[in-house]
Ligand code: 0GY
């Protein structure tokens with residue numbers, strides 16, 4: 017049995033950036049960081065035995081301090097795979113947020129109605145299905161669909177995380193989901209391919225044909241090949257990701273969300289300054305109206321109404 021106090025982070029794992037700059041971009045009042053995590057602390061909320069990585073601790077107190085520093089009003093905290101389906105750290109953070117955080121949990125078929133109701137009361141509004149093979153073991157689709165049908169009447173959404181190459185195979189499952197569906201990080205496009213090439217066109221087609229499907233236009237630091245300004249010396253941060261995110265923001269302005277992804281799991285090359293990540297937002301949402309929809313109206317409608 018693993019001691020709860022001896023978690024050693026995965027080799028190569030970068031700690032989150034403790035001194036983020038203050039963004040030059042002023043977030044509109046009521047802005048929501050709609051994708052972030054809490055990790056442990058492991059001594060209080062042990063990491064799951066089935067996890068594929070061990071992160072560094074990133075507590076609710078540190079998350080709320082970042083929220084205030086960057087100028088966000090609220091958070092949507094997403095259950096990360098290192099906590100499996102043990103949502104205690106997430107629920108603890110939601111309860112401590114004073115109504116300023118909502119959550120997306122991970123649940124298994126064995127979850128009881130009472131547990132779902134308890135999570136709902138704490139502020140959980142969705143469940144996450146992860147299809148990224150390096151992060152999770154396979155779960156049969158019928159089990160996931162059963163969960164989706166149980167949470168649908170509660171007004172919960174399904175958040176899906178997958179790689180672009182897997183979309184053709186997952187299409188039928190995604191488009192049959194009975195809830196609002198939110199895609200993490202634009203379905204992880206390969207940004208070395210053209211923004212109007214067949215791979216990203218398929219993603220755009222899914223959003224066009226299915227009005228219940230939304231996308232987070234987050235994680236340029238995860239998708240970029242060109243790198244951040246500190247590495248390549250360019251002014252326009254994450255310039256190779258901009259066309260993909262901007263296309264979604266301009267095509268589906270009422271169905272996009274943005275989040276920091278703090279504390280940035282599994283980054284081994286560079287750890288972003290979250291202040292600079294906020295400064296990326298006007299590159300993908302160039303007008304005040306698009307910014308307000310992306311940061312305020314859309315997440316508020318989805319999570320607080
Ligand atoms: C993210 C991305 C990653 C990890 C997880 O739940 C997780 O472990 O989502 C990743 O490794 O790409 O959005 O946090």
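Numbering (our numbering), first residue to last: 17 to 321.
All C-beta atoms, glycine included, are put in the ideal place defined by N, C-alpha and C.
These numbers were taken from a predicted model, which means no experiment stands behind them.
| message | Judging by CA-CA distance, which residue of 173, 288, 178, 182 is the nearest neighbour of residue 321? | response | 173
| query | The beta strand (DSSP E) spanning residue 15 covers which residue range? | reply | It is not possible to answer for residue 15, since the shown part of the chain is limited to 17 through 321.
| Neighbourhood of residue 228 by C-beta distance below 8 Å, restricted to the same chain and skipping five residues each side | Within its own chain, the residues whose Cβ lies closer than 8 Å to the Cβ of residue 228, once the five positions on either side in sequence are excluded, are 193, 195, 196, 197, listed in chain order.
| query | How many Å lie between residue 103 and residue 122 at the Cα? | reply | 7 Å
| So is residue 275 buried or exposed if we call it buried at 16+ other beta carbons inside 10 Å? | buried
| task | Please report how far the alpha carbon of residue 314 lies from the alpha carbon of residue 24, in whole angstroms. | result | 38 Å
| said: At the level of alpha carbons, what is the spacing between residue 110 and residue 138? | reply: 6 Å
| Who are the near neighbours of residue 15 in its chain, counting only those whose CB is closer than 7 Å to its CB and skipping five residues on each side? | There is simply no residue 15 to check, as the chain begins at 17 and stops at 321 in what is shown.
| Sorry if obvious, but does the Cβ on residue 104 come closer than 7 Å to a heavy atom of ligand 1? | Answer for residue 104: no, Cβ out of range of ligand 1.
| request: Give the C-beta separation of residue 235 and residue 201 to the nearest angstrom, bearing in mind that I take them to be a contact with Cβ-Cβ under 8 Å. | output: 4 Å
| Is any heavy atom of ligand 1 found at a distance shorter than 7 Å from the C-beta of residue 13? | Since the displayed the chain opens at 17 and closes at 321, residue 13 lies outside it and no answer follows.
| query | Given 8 Å as the limit, is there contact between the region 283 to 300 and the region 82 to 99, that is, 3 or more CB pairs closer than that? | reply | yes
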